[in-house]
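Comments concern the structure below.
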Amino acid sequence: MHLSNEQSKVLNLFKQWIVSERRFVNPNIGCCRLYEKYIKVRNLYPQCYRNLDINDTSVYDLMCRGYIFPLLERDRKGRVVIFGRSAMFRQKHGHRPTDLFRALTMTLETLLDDEENQVNGFVYIFDQEGVTLTEITYLGVWQMQKLLKSGEHSLPVKHKEIHWLHLSPLISTIFYFIASFLTEKLRHRLYFHRELSDLHECIPATILPLEYGGSVPWKLMSEKWIKRLQTNREKLLSLDAMSVK
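Numbers 224 to 468, taken from the numbering used here, label the letters of the sequence shown in order.
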């Protein structure tokens, strides 16, 4: 079988991706289907899963404001904790809905380079303090629902716990609605905390940013993560080749 240069390039990227994923060490039909879904979702939502460029002006600004970054220390079970400050996303700052999803995707793709993260999975904390209905409307509830559902079933990620902090009653109602479209398994991993003290019962305060009970300011954590993404930039951009039909 003769392959074009473009097809050969995609095949080589596929091989590299398979080797880097621990769960694909012994490939089976399930793994092939997962890869097929992974490619499909990248093609279906290219605006969210392609061009994972930290140097994109809008994405870079979003990340500099501390929108999303991993904590410096793992939790008690050895899992990376991804911290999100959702209110940093603002239309008035020129942020686009797709920037939000690209920021999360490039973070996950980079962290998955570590085999330990593939095995242990991730814990998420999303601080919703300051999030308004205006921003939720700007994002689009139905679009968020579609992307979250597709991401749950198609990305090779183990979502262990998702903690929501400082949700207002109105925003809580919207999030409960969106969560209803997720699988029962993932819904049981959602935690809603009214107060910071409630979060501390699940996540050690010592590993959180200074502003949330820890010792290291969020800005330092965010800056360190941005440097990591810049180092990994070329690899992230090369993933676009796997989306060729």
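Cβ coordinates follow ideal geometry from the N, Cα and C atoms, glycine included.
Residue i classed as buried or exposed, judged by whether at least 16 other C-beta atoms fall within 10 angstroms
{"i": "P392", "result": "exposed"}
{"i": "T333", "result": "buried"}
{"i": "V264", "result": "buried"}
{"i": "S445", "result": "buried"}
{"i": "V282", "result": "buried"}
{"i": "N340", "result": "buried"}
{"i": "P432", "result": "buried"}
{"i": "N249", "result": "With a pLDDT of 49 at N249, under the threshold of 50, the predicted position of this residue should be treated as unreliable, and no value is reported."}
{"i": "D337", "result": "exposed"}
{"i": "D421", "result": "exposed"}
Under the three-state DSSP convention, the category residue i falls into
{"i": "Y268", "result": "coil"}
{"i": "V248", "result": "Residue confidence for V248 is low, a pLDDT of 49 falling below 50, so the modelled location carries little weight and cannot support an answer."}
Nearest residue (CA-CA) to residue i, options the options
{"i": "I394", "options": "R412, S309 and Y261", "result": "S309"}
{"i": "V354", "options": "H389, M329, L378 and N340", "result": "H389"}
{"i": "I449", "options": "N266, Y272, K263 and D276", "result": "D276"}
{"i": "F398", "options": "L371, L459, N266 and Q453", "result": "L371"}
{"i": "T454", "options": "M367, M329 and Q368", "result": "M329"}
{"i": "F292", "options": "N278, S461, F415 and R451", "result": "R451"}
{"i": "Y182", "options": "C425, E352, F324 and L459", "result": "Residue 182 is absent from the model: the chain starts at 224 and stops at 468."}
{"i": "H423", "options": "E358, Y261, T321 and G437", "result": "G437"}
{"i": "L460", "options": "R412, N340, N274 and I262", "result": "N274"}
{"i": "D298", "options": "D463, D279, K447 and P427", "result": "P427"}
{"i": "E358", "options": "I385, D336, P320 and L327", "result": "P320"}
{"i": "L335", "options": "V380, L356, M311 and G317", "result": "V380"}
Near the ligand NAP: residue i beta-carbon under 6 Å from a heavy atom
{"i": "P392", "result": "Absence of the ligand NAP from the depicted structure is noted, as is the absence of any ligand whatsoever, leaving it without description."}
| So does the stretch 345-356 actually touch the stretch 295-306, counting three or more Cβ pairs closer than 8 Å? | Yes: the two stretches touch, three or more of their Cβ pairs being nearer than 8 Å.
| Secondary structure, alpha helix (DSSP H): runs of 4+ residues fully inside the stretch 276-356 | Scanning the stretch 276-356 from its first residue to its last, the whole alpha helix (DSSP H) runs of 4-plus residues come out as 280-287, 320-334 and 338-343.
| Where are the beta strand (DSSP E) runs, 3 residues long or more, that stay fully inside the stretch 378-458, in chain order? | If we require 3 residues or more, the beta strand (DSSP E) runs fully inside the stretch 378-458 come out as 382-388 and 413-416.
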